[in-house]
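For what it's worth, UniProt numbering labels the leading residue of the sequence shown as 1, then goes sequentially. A short worksheet on the structure shown next.
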Amino acid sequence: MKLSSPTFARFRRTVTRTAVLAALAGMTATQLTACFPLFAGAVAGGVALATDRRPTATQTIDRGLQMEAENTLISRYDGRAHVNVTVYNRKVLLTGEAGTEQTKQEIGQYAQKLQNAREVVNEIVVTPESSTFGSRTNDTYITTKVKSVLAGTDGVPWNSIKVTTEAQTVFLLGVVTEAEGNKATEAVRTVGGVNKVVKVFDYVTDEERKRLDANATSTNPSTAPDASQGTPTRTQGTPTATQAPAPVTSAAPGVTVSPTTSPALPPGKQLP
């Protein structure tokens, strides 16, 4: 039986998601955390980017922006700030802690000048105390659980959503429709350990979603996955009966930055 291109694409995504979840279903949380990066590369292969709505060029730019910003901030603000940089669709999200408001603003201004950065969202918290190793490890585990829940939620494009957690606050970036974003947010709110969910999405229409999915399926099937995102896994992340769902907010509007060079990317809302 010959399947049409859209039907085949949906079939492949379903099979891929099922295979990943089934392969990891028996792992304990400890094993999952330890084996996560290696398993992502070995199992996912070229599958991860096959449904990523970002063009391949944008994915490359995102990785470069993140590496450049992280390396610079570590060397420049060591001891004065602990900053995590997350980049998706050329949107730069800054989270972590800074000792003073001036340091926070300096870091934001640096990010605004990054070549090819489209927007900067500065969510750094001003506090004299930096997060501990234990809390950062817990944040990593929460991120893993959130990815698992997203991968197991129907109607959520889990490979077009990037997750980062800071002090039990989960930030969601990605290229989604409003309905997809709402469904993903509601799923994440129920994950155990999540205190708050912040939406940093780029929204597209249903027509744009269809075009982006078609482009992703046809152009990205053989590209290696982004190891920083990892492969979502299925773990139990629902709260206890006494735990209320986490509140939801939207990130404060970022600063739009005109890049000095702009690669040739397909047109689309929020996709420069």
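Ideal placement from N, C-alpha and C gives every residue a C-beta, glycine not left out. Source: prediction; values computed, not measured.
Among the options, nearest to residue i - alpha-carbon criterion
i             : options                        : result
threonine 165 : Gln109, Thr51, Thr86           : Thr86
residue 277   : Trp158, Gly134, Phe133         : Residue numbering for the chain in the displayed model covers 1 to 272; residue 277 lies beyond these limits and cannot be assessed.
leucine 137   : Gly193, Gly174, Val200         : Note that residue 137 corresponds to threonine in the displayed sequence, not to leucine. When each option's Cα is compared against that of threonine 137, the closest is Gly193.
leucine 93    : Tyr203, Val176, Ala179, Leu172 : Leu172
valine 149    : Thr95, Lys113, Phe133, Val191  : Val191
serine 75     : Val120, Ile107, Glu207         : Ile107
leucine 114   : Tyr77, Thr72, Ser130           : Thr72
tyrosine 77   : Ser130, Arg63, Thr56           : Ser130
threonine 56  : Gly79, Asn182, Ser160          : Ser160
Bounding residues of the beta strand (DSSP E) (the contiguous stretch that carries residue i)
i              : result
alanine 81     : 81-88
valine 92      : 91-98
glycine 174    : 169-176
asparagine 122 : 119-122
glutamate 166  : 161-166
valine 197     : 196-203
threonine 248  : Before going further, note that residue 248 is valine rather than threonine in the sequence given. Its beta strand (DSSP E) spans residues 248-250.
Same chain, Cβ closer than 6 Å to residue i, neighbours up to 5 away in sequence not counted
i             : result
valine 197    : Val170, Thr185, Val188, Arg189, Ala246, Val248
glycine 45    : Because the pLDDT of glycine 45 is 38, which lies under 50, any placement of that residue in the model is unreliable, and the question is left without a value.
threonine 140 : none
CB contact flag (residue i, residue j, <8 Å)
i             : j              : result
valine 163    : threonine 143  : yes
alanine 167   : lysine 199     : no
glutamate 68  : alanine 81     : no
lysine 104    : asparagine 122 : yes
glycine 174   : tyrosine 88    : yes
arginine 53   : aspartate 213  : yes
glycine 152   : proline 128    : no
alanine 216   : threonine 58   : no
threonine 132 : threonine 177  : no
Boundaries (first-last residue) of the alpha helix (DSSP H) holding residue i
i              : result
leucine 73     : 56-76
serine 103     : In the sequence as displayed, the identity of residue 103 is threonine instead of serine. Threonine 103 -> alpha helix (DSSP H) spans 101-112.
asparagine 138 : 133-151
Cβ shell of residue i (< 7 Å), same chain only, five flanking positions each side left out
i              : result
lysine 210     : none
glutamate 180  : Gly155, Val156, Pro157
asparagine 195 : Gln168, Thr169, Ala246
alanine 111    : Ala69, Val92, Leu94, Ala117, Val120
glutamate 101  : Val126
Own chain partners of residue i with C-beta closer than 8 Å, once the 5 adjacent residues on each side are dropped
i            : result
threonine 30 : Here the model assigns threonine 30 a pLDDT of 41, short of 50, so the residue's position is not dependable and the matter cannot be decided.
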